[in-house]
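Below: one structure, written as structure tokens.
There are 2 protein chains.
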Amino acid sequence: MSLATDTLRARNMRKRRARLLAEARGLLARGGFEALNLRELARLADVTVPTIYNLIGKKEDLLLALGAGVLTELESRIAPAHEADPLTLAAAVVVESTGLFAEDEDFHRAAFLAVEWLDQGGQHHDEVARIYDWVGELISTGIAACRAARLLRGRVAAAMLSDLIMRNFRMSCRGWAFGHYGIDEFRRMALCDLYIALAADAVETFQLQLLHKITELTPDDTVATSPARSARNNRGDST
Amino acid sequence: MSLATDTLRARNMRKRRARLLAEARGLLARGGFEALNLRELARLADVTVPTIYNLIGKKEDLLLALGAGVLTELESRIAPAHEADPLTLAAAVVVESTGLFAEDEDFHRAAFLAVEWLDQGGQHHDEVARIYDWVGELISTGIAACRAARLLRGRVAAAMLSDLIMRNFRMSCRGWAFGHYGIDEFRRMALCDLYIALAADAVETFQLQLLHKITELTPDDTVATSPARSARNNRGDST
DNA sequence: CAGCAAATTTGATGCTTGTTAAAATTTAAA
DNA sequence: TTTAAATTTTAACAAGCATCAAATTTGCTG
Numbered sequence: 000m001s002l003a004t005d006t007l008r009a010r011n012m013r014k015r016r017a018r019l020l021a022e023a024r025g026l027l028a029r030g031g032f033e034a035l036n037l038r039e040l041a042r043l044a045d046v047t048v049p050t051i052y053n054l055i056g057k058k059e060d061l062l063l064a065l066g067a068g069v070l071t072e073l074e075s076r077i078a079p080a081h082e083a084d085p086l087t088l089a090a091a092v093v094v095e096s097t098g099l100f101a102e103d104e105d106f107h108r109a110a111f112l113a114v115e116w117l118d119q120g121g122q123h124h125d126e127v128a129r130i131y132d133w134v135g136e137l138i139s140t141g142i143a144a145c146r147a148a149r150l151l152r153g154r155v156a157a158a159m160l161s162d163l164i165m166r167n168f169r170m171s172c173r174g175w176a177f178g179h180y181g182i183d184e185f186r187r188m189a190l191c192d193l194y195i196a197l198a199a200d201a202v203e204t205f206q207l208q209l210l211h212k213i214t215e216l217t218p219d220d221t222v223a224t225s226p227a228r229s230a231r232n233n234r235g236d237s238t
Numbered sequence: 000m001s002l003a004t005d006t007l008r009a010r011n012m013r014k015r016r017a018r019l020l021a022e023a024r025g026l027l028a029r030g031g032f033e034a035l036n037l038r039e040l041a042r043l044a045d046v047t048v049p050t051i052y053n054l055i056g057k058k059e060d061l062l063l064a065l066g067a068g069v070l071t072e073l074e075s076r077i078a079p080a081h082e083a084d085p086l087t088l089a090a091a092v093v094v095e096s097t098g099l100f101a102e103d104e105d106f107h108r109a110a111f112l113a114v115e116w117l118d119q120g121g122q123h124h125d126e127v128a129r130i131y132d133w134v135g136e137l138i139s140t141g142i143a144a145c146r147a148a149r150l151l152r153g154r155v156a157a158a159m160l161s162d163l164i165m166r167n168f169r170m171s172c173r174g175w176a177f178g179h180y181g182i183d184e185f186r187r188m189a190l191c192d193l194y195i196a197l198a199a200d201a202v203e204t205f206q207l208q209l210l211h212k213i214t215e216l217t218p219d220d221t222v223a224t225s226p227a228r229s230a231r232n233n234r235g236d237s238t
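Chains Y and L supply the protein sequences, listed in that same order.
Here the first sequence stands for residues 0 to 238, where the numbers follow numbering that gives the first Met the number 0.
Here the second sequence stands for residues 0 to 238, where the numbers follow numbering that gives the first Met the number 0.
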């Protein structure tokens, strides 16, 4: 019961814990969520399974630790981006998230799936809720900035708008994590979703600006065909 | 290897299969997704586990069979609703789905979770994709009708709009299924999401109409507080 | 009606996963 | 150096899905 003290034993524990988390990250990135079982992790980290329980806890705790790492990284990236125009502020979460995810797509894909896995199965997780509350706060801040800059009319409740945007973002995330489309498509989709939601309550000039941005983001062949659905069906005829 | 013929044996098989599906439905409604394990199901249906494999298949097939039942029911309800104004048409999926779900909330909650469970875990399911493709088609039809009636301007690609709406609907569904809010809140949220998305591309009169509908749906106390987040935190202080 | 062949149900079993209790070992202090 | 505390390991359990050979039921036929 140490891990916070500074004795030799505690230092070794922290080292093994870090090793475990690193191996878990690699395992997750390599084989996806299914590949992360405790026996394999123990084998890779040169410990036995109960040691994992001692150093980290049960599987939920392991996944939570990995997710917390991503969240921390994301927080540190978004923090210094507070001096920007309202639209950039509103889009910060989307831009920074996709930017971070793109750096190690395999791992972040699996990490996201892991966190999503925590939230299902009837049990509710305060940690997961806190993550999404944080995202919601960020989006709310962006919307408030747009409202303050007289870009939004305020005819739609800000909370409703921000909830809508966050739900949408999470769903786009899922689609990417499940392999329905790549990270570029994910980013494009999430941004378009955001712009469309804002456009619903936008002042005319702002609305035109948003529509322009959407057009900019839209590939030429996406006008008639749904990208999500078309991308979903191209499976099995690649090799 | 019958089940399609009309001998006595085949009829008994169908009977047992129906019994199994009925018990599975009850089990799912009672104890949620976790309660649906093959041993318990076999016990309730007065058969043994391998019989389930013979009559239905593995667990995926069982869940798929349950989901297919819900989809069939939903299809039959939406089919005769084709003679309506464009907005009603666009909202048909939301209204009919929530209407059906409300009739047996416990079961449909669990059934939805079961279908969602199929779609995760790396494996892709064509059956699940077909369900959501169908929903997407319906929403697309509604949007096309709105466009044809000159209610939408067409400045946002219809496919993009319909994808957005469907993603949102699925996410609202998840929130309800996970118990974050009740069926009424779910219906309200899904409709608001739809209206907001349409408003982004709506002609001015239509936009006002949509905003009015949103205001109608919005409870008085939802203006400042996010319902999803506030509802998420009321746990543990009820008893 | 009796017997036979095919199909179906069953009991037993394997395998994987998460999880835990107690023994063995290592570590820090007296 | 001895000793007590903490940590790792050995070993095993429980629960889930999945499957196989044997037993049983069913439907047809002489």
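C-beta: ideal position from N, C-alpha, C; glycine also.
What you are looking at is a predicted structure, and each value in this text was computed from that prediction instead of being measured.
When Cβ-Cβ separations below 8 Å define contact, S171/L makes contact with chain Y. In this structure, the alpha-carbon of A147/Y lies about 25 Å from that of L193/L. Using a 10 angstroms sphere on the CB of T97/Y, the tally of other CB atoms reaches 16 or more, which defines it as buried. Using a CB distance cut-off of 8 Å, C191/L counts as an interface residue toward chain Y. In the structure shown, the three-state DSSP call for L137/L is helix.
Residues are counted here when their Cβ sits less than 8 Å from a Cβ of chain L; for the segment 75-99 of chain Y the count is zero.
Distance from the Cα of T204/L is smallest, within the candidate group L151/L, E126/L, D162/L, L216/L, for L151/L. Here the alpha carbons of M170/Y and A176/Y stand approximately 10 Å from one another. Taking 7 Å as the upper bound on Cβ-Cβ separation, chain Y lies near residues G135, R154, V155, A156 of the segment 134-156 of chain L. G181/Y sits exposed, since fewer than 16 C-beta atoms from the chains shown fall within 10 Å of its C-beta. Nearest C-alpha to L65/L among A90/L, V92/L, L112/L: L112/L. By the neighbour-count definition (other C-beta atoms within 10 Å, threshold 16), L7/L is an exposed residue. Legend: CB atoms of the segment 195-220 of chain L lying less than 7 Å from CB atoms of chain Y belong to residues I195, A196, A198, A199, L210, I213, T217. Rounded to whole angstroms, the separation of the alpha carbons of L61/Y and A44/Y is 14 Å. Taking every protein chain shown into account, the CB of A9/Y has fewer than 16 other CB atoms within 10 angstroms, so this residue is exposed.
The C-beta separation of V93/Y from A189/Y comes to about 5 Å, placing the pair in contact by the 8 Å criterion. A144/Y carries a helical assignment under DSSP once its states are collapsed to helix, strand and coil. Nearest neighbour of I142/Y by Cα position, chosen from L209/Y, A90/Y, W133/Y, E33/Y, turns out to be A90/Y.
Scanning chain L for C-beta atoms nearer than 9 Å to the C-beta of L163/Y yields N167, M188, C191, D192, I195, A196, reported in chain order.
In the assembly as shown, G153/Y is an exposed residue. Its beta-carbon has fewer than 16 other beta-carbons within 10 Å. Interface with chain L (8 Å Cβ-Cβ cutoff): F177/Y is included.
D118/L belongs to the set of residues whose beta carbon lies under 8 Å from a beta carbon in chain Y.
Taking 8 Å as the CB threshold, M12/Y stays off the interface with chain L. Under the three-state reduction of DSSP output, L210/L falls in the helix class. Remark: fewer than three beta-carbon pairs, one from each stretch, lie closer than 8 Å, so the segment 95-109 of chain Y and the segment 46-59 of chain Y are not flagged as touching. Close CB contacts of E39/L within its chain, under the 7 Å cut and outside five residues either way in sequence, are with L26 (chain order). Within the segment 6-85 of chain L, complete alpha helix (DSSP H) segments of at least 4 residues are found at 7-34, 37-43, 48-54, 58-77, given in chain order. About 13 Å separates the beta carbons of V48/Y and R15/Y, which is beyond the 8 Å limit, so they are not a contact pair. In the three-state DSSP reduction, A201/Y falls in the strand class (E or B).
According to DSSP, residue pairing for L151/Y in a beta bridge involves A201/Y. Separation of N11/Y and I51/Y (C-alpha to C-alpha, rounded to the nearest whole angstrom) is 14 Å.
When the five nearest sequence neighbours on each side are left out, the beta carbons in the same chain lying within less than 6 Å of the beta carbon of R187/Y are those of L216, in order along the chain.
Note that the C-beta distance between L54/L and L19/L is below 8 Å. Boundaries of the alpha helix (DSSP H) harbouring D105/Y: 104-118, taken from the DSSP string. Shown here, T217/Y sits in coil according to DSSP, grouped into three states, outside any helix or strand.
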